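Reviewing the structure listed below.
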Amino acid sequence: MPGLLRAQCAVNSSNGYSVNIQITLRELLKPSSCPNGYNYNLRIGYTVTFSGSNIPSNLYTLQGRAYCGSQDHFFSLPTSGGTGIVDTGSNPWRGISDCNSATLTSLGCRNVVITINGPGIPSQQVNCTAALLPIHLVSFDAEAATEGVKVSWTTAMEQDNAMFTVERSLDGERFETALEVPSAGNGNAVQDYSVVDPWNFSGTAYYRLRQTDLDGTETIFDMVAVNAPTRRNIRLHPNPIESGRIMITGEMTAGMATINDATGKVVYTGLVYQTIDVSQLPSGTYALRLLDTEGRAASTATFTRL
213 MPGLLRAQCA VNSSNGYSVN IQITLRELLK PSSCPNGYNY NLRIGYTVTF SGSNIPSNLY
273 TLQGRAYCGS QDHFFSLPTS GGTGIVDTGS NPWRGISDCN SATLTSLGCR NVVITINGPG
333 IPSQQVNCTA ALLPIHLVSF DAEAATEGVK VSWTTAMEQD NAMFTVERSL DGERFETALE
393 VPSAGNGNAV QDYSVVDPWN FSGTAYYRLR QTDLDGTETI FDMVAVNAPT RRNIRLHPNP
453 IESGRIMITG EMTAGMATIN DATGKVVYTG LVYQTIDVSQ LPSGTYALRL LDTEGRAAST
513 ATFTRL
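Under the working numbering, residue 518 is the last one in the sequence shown; the count climbs by one each step, no gaps.
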């Protein structure tokens, strides 16, 4: 599988702030058939951040050109910063019938030129050279689960990759670290990762992946949205219970159940319908979380095993 290419630039102002620009050349946008040649564009990911003091509300100009050999692809960047994806529209012509095999690397898509102008930054062009990313991220997904949020991703190549950081946010802008996962090691084999973030939230949350090289260089990948299940009221009885099966009544009585002990350890997980056998649990206080099979509704309740 073809890899992604990343270019990074930092521009320092005379006012005390810096602009950090990360450009990821993600893929060629091209036809599947090209007997006489073809037009193509680029899909580009970007992250623009500010650091330091006297950070302005926005720059005057921020745009770029990505070069595939001598052919350039123009794109605009947000002058106030942000993360996203943009498709170029320059649509240059390539007179070779290689659209099925062409990759970013084979077309020589390596040079990125950023045009920038802002407070304390005179209008200038900054040259950045894209290098192959240390990983090829095939997929990234997050979904509600009984234990919290299940986050999964797959890589097809890893080279000099130190670790992954799973980050979460309630607004899609301010992210915090949820989990850190070490790399499975160098190689071209497909690697599957899956972790659970035990986080309860309302509404919509956002997750993204941050990858860190052995030399400390970081790459932030696109975020995905997760909708919290609708909360349903349930009751457990008898409660406390000495032994046998505990009854579930209320707005939701069936689904995937997870039981955690007082330390947070998962002691039971499985599909249930109206009752759960708790006779094998030692004495103590437990938390039950119930999620419907479609992940759209959830309930929580506590009970005591005598």
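Backbone N, C-alpha and C fix where the C-beta goes; we use that ideal spot for every residue, glycine too. Keep in mind it's a predicted model, so treat the numbers as computed, not measured.
Straight-line CA distance for residue i to residue j?
i, j, result
"F387", "I446", "33 Å"
"N251", "R277", "17 Å"
"C246", "G307", "9 Å"
"G476", "N312", "51 Å"
"S265", "S230", "8 Å"
"Q492", "A396", "36 Å"
"W411", "G360", "5 Å"
"V298", "R322", "17 Å"
"L316", "A510", "45 Å"
"E370", "V393", "14 Å"
"R443", "S225", "49 Å"
"Q220", "L349", "18 Å"
"S263", "T358", "39 Å"
"Y538", "N248", "Within the shown structure, residues of the chain are numbered from 213 to 518, placing residue 538 beyond reach of any answer."
"T497", "N451", "10 Å"
"S269", "T416", "27 Å"
"L382", "D310", "44 Å"
"T465", "V479", "20 Å"
My output table needs one value for residue i: the three-state DSSP class, helix, strand or coil.
i, result
"W305", "strand"
"L382", "coil"
"V231", "strand"
"E239", "strand"
"T512", "strand"
"N312", "coil"
"Q492", "coil"
"V402", "coil"
"E454", "coil"
"T300", "coil"
"Y419", "strand"
"T261", "strand"
"Y250", "strand"
"T367", "strand"
"P346", "coil"
"Y272", "coil"
"E463", "coil"
"N439", "strand"
"G294", "strand"
State buried or exposed for residue i, treating a residue as buried only when at least 16 other CB atoms are found within 10 Å of its CB.
i, result
"Y485", "exposed"
"G281", "exposed"
"F287", "buried"
"Q234", "buried"
"D409", "buried"
"L500", "buried"
"T431", "buried"
"G228", "exposed"
"S351", "exposed"
"G293", "buried"
"A390", "buried"
"Q423", "buried"
"P243", "exposed"
"A356", "buried"
"N400", "exposed"
"G402", "For the sequence presented, residue 402 should be read as Val rather than Gly. Classification of V402: exposed, given that the 10 Å Cβ count is below 16."
"P441", "buried"
"H449", "exposed"
"N472", "buried"
"L237", "buried"
Per DSSP, what are the beta-bridge partners of residue i in this structure?
i, result
"Q336", "I328"
"N266", "Bridge partners of N266: none, in fact."
"R277", "F286 and V325"
"K362", "E355 and V408"
"A219", "I235"
"F433", "Beta-bridge pairing links F433 to no other residue."
"D425", "N373"
"A390", "Partner(s): none; A390 has no beta bridge."
"V479", "Paired residues: none, contrary to the question."
"T341", "N323"
"N472", "V478 and A499"
"T487", "M459 and Y485"
"N445", "Answer is none; N445 lacks a bridge partner."
Requested in this report: For the region 260 to 279 and the region 318 to 338, state whether three or more C-beta atom pairs, one from each stretch, are separated by less than 8 Å.
Outcome: yes
Query raised in the report: With contact counted as at least three CB pairs below 8 Å, one residue from each stretch, are the region 486 to 506 and the region 421 to 437 in contact?
Result: no
Query - Any 3 or more C-beta pairs closer than 8 Å across the region 336 to 343 and the region 296 to 307 - result: no
Report task. Would you check if there are 3 or more beta carbon pairs closer than 8 Å linking the region 255 to 269 to the region 368 to 382? Result -> no
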